[in-house]
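So the sequence shown is numbered by our numbering: it starts at 5 and just counts up by one.
Contents: one structure, followed by commentary.
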Amino acid sequence: MKAPKPGTIQWNGSACTLFFAYDGPDLEWQFDANENPIQPGGQSLAVALSEGLASTGIQTSAVNQHSYFGWSFTTVVTPYRIYHVANCVGRHAALTCHFKGPLSHIILRKKRHRFQEEYLRRLIDELSSIPSTFRLPQESQIS
5 MKAPKPGTIQ WNGSACTLFF AYDGPDLEWQ FDANENPIQP GGQSLAVALS
55 EGLASTGIQT SAVNQHSYFG WSFTTVVTPY RIYHVANCVG RHAALTCHFK
105 GPLSHIILRK KRHRFQEEYL RRLIDELSSI PSTFRLPQES QIS
């Protein structure tokens, strides 16, 4: 199975993933003696995005390691909680957003909600302000 191209968006019910390119300072993963991953690369991407969203007044959690393959944080835009996971493998990056809120399991799975589209536009704006990101999805791909 081929990896999605940078500059694309994939929808899956109440979640979506943005694919783009990232050339940040911390792309190298750390491995233990048996070559098992212990820390993924790309933490600076998640931190920059989280801090950028927080600077706009969005309630944002701290960035934490998500299992062995990414970095996560949560934002709250009432009445929704959005769980983000940033993954970087080389210069390929993915940001997955899971939208949770009242009836989101029903509303967002049937049709993309205006809130979801507006939030993704905000995310793309924030990502475009991070100097190491490029080949971002275009806003026209959202709706």
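Just so you know, even glycine gets a beta-carbon here, dropped at the ideal spot from N, CA and C.
Treat the numbers as computed from the prediction; the structure is a model and nothing was measured.
Please tell me whether residue i and residue j are closer than 8 Å, where the distance is taken between their beta carbons.
i	j	result
G45	F24	no
G61	P83	no
C92	L22	no
Y123	V81	yes
Short of 6 Å in beta carbon distance, which residues of its chain neighbour residue i, apart from the five on each side in sequence? Order them along the chain.
i	result
Q145	I13
I134	A52
Relative to the C-alpha of residue i, which candidate in the options has its C-alpha closest?
i	options	result
L57	T21, P141, S132	S132
S65	F73, E55, D30, A97	E55
S136	D27, C20, A7, K9	D27
P29	G94, E122, I42, D129	G94
R126	S59, Q34, P41	S59
With a threshold of 16 other CB atoms inside 10 Å of the CB of residue i, please say whether the residue is buried or exposed.
i	result
Q142	exposed
V67	buried
Q120	buried
S48	buried
A7	exposed
Going by beta carbon distance, what residues of the same chain come within less than 8 Å of residue i, once the five residues before and after it are set aside?
i	result
S76	A50, V67, N68, Q69, H70, Y87, H88, V89, A90
By Cβ distance, which residues of its chain are closer than 7 Å to residue i, with the 5 residues on each side in sequence left out?
i	result
G74	P44, V89, A90, N91
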